[in-house]
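K.L.:
These protein sequence lines map, in sequence, to chains A and B. Residue 120 in our numbering sits at position 120 of the first sequence, with consecutive numbering throughout. Just add 1000 to the spot in the second sequence (first one is 1) and you have our numbering. Got a structure for you, written out below as structure tokens; questions coming shortly.
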Amino acid sequence: MRTEQEREYVEYVQSRLPSLRRTAYLVLGDGDRADDAVQDALTVLYRRWGRLTEVASLDAYVHTMVVRASLTYRRRNWSRVLLRGEPPDSAVECGSSRVDDRVVVREALSQLPVRQRTAVILRYLCDLPVADVAQVLGCSEGTVKSRTHHGLRALRAVLDGRAPASVAATAAAHRGGQE
Amino acid sequence: MIEDTLRRYARQDVPASGLQAADVLIEARRRTRRRTRLAGAVGGAVTVLVAFGAAAVVRTVVPAPITAAGPSCVVDQLEIPAGTAGGVLATGIDPSGRYAIGLTGTQDVPRAVLWTDATVTVLPAAFTPKAVNTAGLIVGFTGPNQHDDPRQRPVVYAGTQLVPLPLPDGGVSGAAYAVNAHGDVLGTVIRADGSPAAVRWSTTGTVAIVTTVAGASGLGLNDNGVAVGFDLPGQHALRWSADGVTTALPVPRAAESASAAAATDDWAVGDATLPSTGSKGDLTAQAAVRWNLRTGAVELIAGISGLRVSASGTVAGTTGTGAPALWRNGRIHTLPLPPGIIYPGGSLSGITADGHSLVGGVEVSAGPVNTSGPDNHPVVSDQTVPVIWRGC
């Protein structure tokens, strides 16, 4: 990569790093893994930096890369064994329901089929508009709405305690014809 | 609500990180150099495996060949109206190519832009334009431009004023998505229980419910009065004839499901969901479905999404890399992008009846991070500029 391109790359990374790392953390729930996933995604971005004329919405595209890297990271068996300098979740006050909420939501998200999960994460955790998600995934807005609809329905069933995550996700996938 | 739960989850405190941009760069360089060395070392081994047939790959869906559009296909930036803050995206073009519509403003107060006869105007009324017909009649919705906001109302903009479209009994919000040459309008209303219903408004202003299928959204309408949309819970693409008869559009054999997004003359188009292969490419794999509304024929077009279709059957969409493209006669042609832009890409939102002109938007640079408040997000990203492709 040329020096000028590297400078542009660093400027871009510098401005987006907090937001990208937040996204990875929300998916993984672990600061160290989030750092690794962001590095994975930004390494791929580095290789592609000079060919980005083919990319639609850069921010949405890079967020999608980070989400994908985070989801990939979750799937690696070896990544389940980690030596950390600190507990994976930050502490909350004793008796707070926040910790339960976070763990339950993260676990429920992790059970969704990948296309539904990606759409839900980009829409509601990254706060990207439907149009941007559709653009970066290259599908119609209707398709994004469909995937988020099925994903939210499965999450709702899990969080309401009506179905185990795996059952709700499987049912949603079956109804939605996805995965 | 589950949406609120997710947003609360998204607002949680995130522990500080020591990750710095300079470190990211150093590590990216290191891994790239290592990858390059490994690729050279492994190349010979792969060649041997392939020679012994150990690396067979089976593809059930073959994408159409992709080439760049010919030299007659050119792209121009549409004029940005004076005083506009933030980005502008072209959201549609009428079948003749005389009128193009666009979107700017904020998510809470979206503004409509109209290009016609070499002039550009920000329309005085605040609304989101979704489609325009050959007479210049624009349809869309008022209210915030956010997914399923209950304050959205279907409207038409006729000449100088915004006219609200009445909601049918039981409807609490809605939006208009298509308008044909006769001025008939198709849209979706949301009922009190949150379920959508496809609705057609006639030119006399009366409301006709196109379907009562629960969860059906109306998105496309041709000049013969045939409407298309999809049934959200069942994931079926649907077709409604002018007299209201509902039929399911067939799903191509190689696809799991399909949703219809637009209709022009004999054609309807939408996205297909392909079976998962378990590879990373699943997420960016694109496939359009094109239906012939006259004959009932259906075909799967792999390699491009199905966003719009022309009267001649040309499909407009984006490729797996996000490149705006069109499909015609079995080939995908990527459209040119404006020169001199740093981080370009493109979206497509309209095609003329002849299939030769298209509109959309491209990004001109990464730009600054948006720091506006949560209620003041630009409806179109700051870096987006509207473009038109001609001669394609």
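We put the beta carbon where it would ideally sit given N, CA and C, even for glycine.
In whole angstroms, give me the CA-to-CA distance for residue 970/B and residue 1103/B.
P.N.:
With chain B covering 1001 to 1392 only, the question about residue 970/B has no answer from this structure.
K.L.:
Quick check on residue 1218/B: does DSSP put it in helix, strand or coil?
P.N.:
Three-state result, residue 1218/B: strand.
K.L.:
Which chain B residues sit within Cβ distance under 9 Å of residue 142/A?
P.N.:
Within chain B, the residues near residue 142/A are 1217, 1219, 1229, 1230, 1232, 1259, 1260, 1261, 1270, 1271.
K.L.:
So which residues on chain B does residue 2/A lean against when the C-beta distance must stay under 8 Å?
P.N.:
Per Cβ cutoff of 8 Å: no residues; residue 2/A is ~13 Å from chain B at best.
K.L.:
Give me the Cα-Cα distance between residue 1088/B and residue 1225/B, rounded to the nearest whole angstrom.
P.N.:
Residue 1088/B and residue 1225/B: Cα-Cα distance of roughly 31 Å.
K.L.:
Would you decide whether residue 1257/B is buried or exposed? Buried here means 16 or more other CB atoms lie within 10 Å of its CB.
P.N.:
With 16 or more Cβ atoms within 10 Å of its Cβ, residue 1257/B is classed as buried.
K.L.:
Figure out for me which residue from 1261/B, 1275/B, 1318/B, 1274/B has the closest Cα to the Cα of residue 1290/B.
P.N.:
Checked all of 1261/B, 1275/B, 1318/B, 1274/B; the closest Cα to residue 1290/B is 1261/B.
K.L.:
How about residue 133/A and residue 122/A: do their beta carbons lie closer than 8 Å?
P.N.:
Yes, these two residues count as a Cβ contact at 8 Å.
K.L.:
What are the boundary residues of the alpha helix (DSSP H) that residue 1172/B is part of?
P.N.:
Counting along the chain, residue 1172/B falls outside any alpha helix (DSSP H), though it belongs to the beta strand (DSSP E) covering 1171-1179.
K.L.:
If you count every other CB in all the chains shown that lies within 10 Å of the CB of residue 1178/B, and 16 or more means buried, which is it?
P.N.:
Looking at its Cβ environment, which holds 16 or more other Cβ atoms inside 10 Å, residue 1178/B is buried.
K.L.:
Under a CB-based cut-off of 8 Å, is residue 6/A close to chain B?
P.N.:
Judged by the 8 Å Cβ criterion, residue 6/A is in contact with chain B.
K.L.:
List, in order along the chain, the chain A residues whose C-beta lies closer than 7 Å to that of residue 1031/B?
P.N.:
In chain order: 43.
K.L.:
Can you tell me the Cβ-Cβ gap for residue 1350/B and residue 1359/B, rounded? I've got them flagged as a contact below 8 Å.
P.N.:
Indeed, because the Cβ distance is near 4 Å, the residues count as touching under 8 Å.
K.L.:
How about residue 1059/B: is its C-beta nearer than 8 Å to some C-beta of chain A?
P.N.:
Note that residue 1059/B has pLDDT 39, beneath the 50 cutoff, so the model's placement of it is unreliable and no number is given.
K.L.:
Interface residues of chain A around residue 1007/B at Cβ under 7 Å?
P.N.:
In chain order: 124.
K.L.:
Spatial neighbours of residue 1239/B within its chain, please: C-beta separation below 6 Å, excluding the five flanking residues on both sides.
P.N.:
Cβ neighbours of residue 1239/B beyond the five flanking positions: 1228, 1247, 1249.
K.L.:
How would you list, in chain order, the residues of chain B whose beta-carbon sits under 9 Å from the beta-carbon of residue 110/A?
P.N.:
The contacting residues do not exist; residue 110/A stays about 13 Å from chain B at best.
K.L.:
In the DSSP assignment, what residue or residues form a beta bridge with residue 1240/B?
P.N.:
DSSP, once it has assigned bridges, lists 1227/B, 1246/B as partnering residue 1240/B.
K.L.:
Please determine, among 1348/B, 1383/B, 1330/B, 1152/B, the residue with the shortest C-alpha to C-alpha distance to residue 1389/B.
P.N.:
The shortest Cα separation from residue 1389/B among 1348/B, 1383/B, 1330/B, 1152/B belongs to 1348/B.
K.L.:
Is the CB of residue 1110/B under 8 Å away from at least one CB in chain A?
P.N.:
Not one chain A Cβ lies under 8 Å of residue 1110/B.
K.L.:
Identify the continuous beta strand (DSSP E) that holds residue 957/B and give its terminal residues.
P.N.:
Outside the shown range of chain B, which is 1001 to 1392, sits residue 957/B, and nothing can be said about it.
K.L.:
Decide if residue 1026/B is buried, meaning its Cβ has at least 16 other Cβ atoms within 10 Å, or exposed.
P.N.:
Burial call: exposed.
K.L.:
Taking the CB atoms as reference points, tell me whether residue 1126/B and residue 1115/B lie closer together than 8 Å.
P.N.:
Not closer than 8 Å, so no.
K.L.:
Decide if residue 24/A is buried, meaning its Cβ has at least 16 other Cβ atoms within 10 Å, or exposed.
P.N.:
It counts as buried.
K.L.:
Compute the Euclidean distance between the alpha carbons of residue 1121/B and residue 1174/B, then round it to the nearest angstrom.
P.N.:
Cα to Cα, residue 1121/B sits roughly 26 Å from residue 1174/B.
K.L.:
Put residue 1079/B into one of helix, strand or coil per three-state DSSP.
P.N.:
DSSP places residue 1079/B in coil when its eight states are reduced to three.
K.L.:
Thinking C-alpha only, which one of 13/A, 147/A, 159/A, 20/A is nearest residue 66/A?
P.N.:
Closest by alpha carbon: 20/A.
K.L.:
For chain A, find out if any of its Cβ atoms is closer than 8 Å to the Cβ of residue 1358/B; answer yes or no.
P.N.:
So, not an interface residue.
K.L.:
What is the C-beta distance between residue 1133/B and residue 1183/B, in whole angstroms, given that I count them as a contact (C-beta under 8 Å)?
P.N.:
Between residue 1183/B and residue 1133/B the Cβ distance is about 7 Å, and since that is below 8 Å, they are a contact.
K.L.:
Taking 8 Å as the threshold (beta carbon to beta carbon), is residue 22/A in contact with chain B?
P.N.:
By this cut-off, residue 22/A is an interface position.
K.L.:
Can you tell me the Cα-Cα spacing of residue 71/A and residue 129/A, whole angstroms?
P.N.:
C-alpha separation (whole angstroms): 21 Å.
K.L.:
Which whole-angstrom value is the C-beta distance of residue 62/A and residue 33/A, which I expect to be below 8 Å?
P.N.:
Contact flag wrong, Cβ pair sits at about 18 Å.
K.L.:
Quick check: the Cα distance between residue 1096/B and residue 1306/B, rounded to an integer number of angstroms?
P.N.:
Distance between the alpha carbons of residue 1096/B and residue 1306/B: 21 Å.
K.L.:
Which residues does DSSP list as the beta-bridge partners of residue 63/A?
P.N.:
None, per the DSSP bridge assignment.
K.L.:
What residues are listed by DSSP as bridge partners for residue 1389/B?
P.N.:
Answer is 1075/B, 1358/B.
K.L.:
In whole angstroms, give me the CA-to-CA distance for residue 1168/B and residue 1215/B.
P.N.:
Whole-angstrom Cα-Cα distance: 15 Å.
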